[in-house]
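Data first, discussion second: the structure below is written as structure tokens.
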Amino acid sequence: MKIIMLGAPGAGKGTQAKKIAEKYHIPHISTGDIFRANIKNGTELGKKAKTYMDQGALVPDELVCDLVVDRVRQEDCRNGYVLDGFPRTIPQAESLDATLASLGESVDYAINVEVPDEKIVNRMSGRRACVGCGATYHLVYAPTKAEGICDTCGAELILRDDDKPETVLKRLGVYHNETQPLIDYYRGKGILKEVDGTMDMADVFRAIVEILGA
68 MKIIMLGAPG
78 AGKGTQAKKI
88 AEKYHIPHIS
98 TGDIFRANIK
108 NGTELGKKAK
118 TYMDQGALVP
128 DELVCDLVVD
138 RVRQEDCRNG
148 YVLDGFPRTI
158 PQAESLDATL
168 ASLGESVDYA
178 INVEVPDEKI
188 VNRMSGRRAC
198 VGCGATYHLV
208 YAPTKAEGIC
218 DTCGAELILR
228 DDDKPETVLK
238 RLGVYHNETQ
248 PLIDYYRGKG
258 ILKEVDGTMD
268 MADVFRAIVE
278 ILGA
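Given below as structure tokens:
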């Protein structure tokens, strides 16, 4: 079962990807993890990616695709995998499809976790992070016992720059321009499935399991 997770930043697709991986005993693959593993292990692909990252440049589509394909060809992916954060653009999706086709494989499902922008802004601007131990909380969904104080280490909580409404709106703008077209791309291939990401986390997962037929 080869699954691609789609959804805006803060829609909860990463959380759902982990739950899918756990339930179906397949790897949860994020591009960030692949980059880190290849750089740490000093692979040829990792060295190439690092030269771009060190300059603050985007890693080219072709190289990102090579890294992902190298990962999905590993033994633990034999029964499938969940891709989280890739593909991000149409060229990446086309490149992935072409490579998988050459291996006699294809993506089974593209699951889009759908959440309106205003809900994402509210959701992310309610996050708080501990300056001491890095634990994360939410003003509404996971509040601390004492306001503004970490339950774990007692340090102060802050609103990270990444979670400020103006930053979130910027990230959503990039998502709509670059990644949203993937929804139409996978719809055209007949493998797009959409779930309402505004539901409770457990209900979102239940809807996904229903789609995957388990």
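Just so we're aligned, residue 68 is where the sequence shown starts under the working numbering, counting upward by one.
For glycine and all other residues, C-beta sits at the position ideal for the given N, C-alpha and C.
- In this structure, serine 192 sits away from leucine 224, with a CB-CB distance that is not shorter than 9 Å.
- If one requires a minimum length of 3 residues, the beta strand (DSSP E) runs lying completely within the segment 174-227 are 176-181, 194-197 and 203-205, in chain order.
- Here histidine 95 is buried, its C-beta having at least 16 other C-beta atoms within 10 Å.
- About 7 Å separates the Cβ atoms of glutamate 181 and valine 262, confirming a contact at the 8 Å cut-off.
- In this structure, the beta-carbon distance from isoleucine 187 to valine 149 does not fall below 9 Å.
- Just so you know, the alpha carbons of lysine 69 and aspartate 121 end up roughly 32 Å apart.
- When DSSP states are grouped into helix, strand and coil, valine 126 belongs to the coil group.
- In the three-state reduction of the DSSP assignment, isoleucine 258 falls in the coil class, being assigned neither a helical nor a strand state.
- Counting only residues of its own chain and dropping the five nearest sequence neighbours on each side, leucine 125 has a CB closer than 8 Å to the CB of Tyr119.
- Each residue's CA atom was taken as its position, placing isoleucine 157 and alanine 177 some 13 Å apart.
- Here serine 169 is exposed, its C-beta having fewer than 16 other C-beta atoms within 10 Å.
- For isoleucine 71, the secondary structure class from DSSP, reduced to helix, strand or coil, is strand.
- Beta-bridge partners assigned by DSSP to leucine 150: Ile71 and Ile96.
- Judged by DSSP secondary structure, glutamine 159 falls within the alpha helix (DSSP H) whose first and last residues are 157-169.
- In its chain, beyond the 5 residues on either side, Ala177, Asn179, Ile250 and Tyr253 have a beta carbon closer than 7 Å to the beta carbon of leucine 259.
- Under the DSSP assignment, glutamine 83 falls in the alpha helix (DSSP H) whose first and last residues are 80-91.
- Contact between threonine 166 and cysteine 144 is absent: CB atoms are separated by about 13 Å, not below the 8 Å threshold.
- Listed in chain order, the non-local C-beta contacts of glutamine 159 below 8 Å within the same chain comprise Asp128, Val131, Cys132 and Phe153, local neighbours out to five positions each way being set aside.
- In this structure, isoleucine 87 lies away from leucine 134, with their beta-carbon atoms at least 9 Å apart.
- Residue state for aspartate 263 is assigned as strand, using DSSP reduced to three classes.
- Boundaries of the alpha helix (DSSP H) around lysine 115: 111-121.
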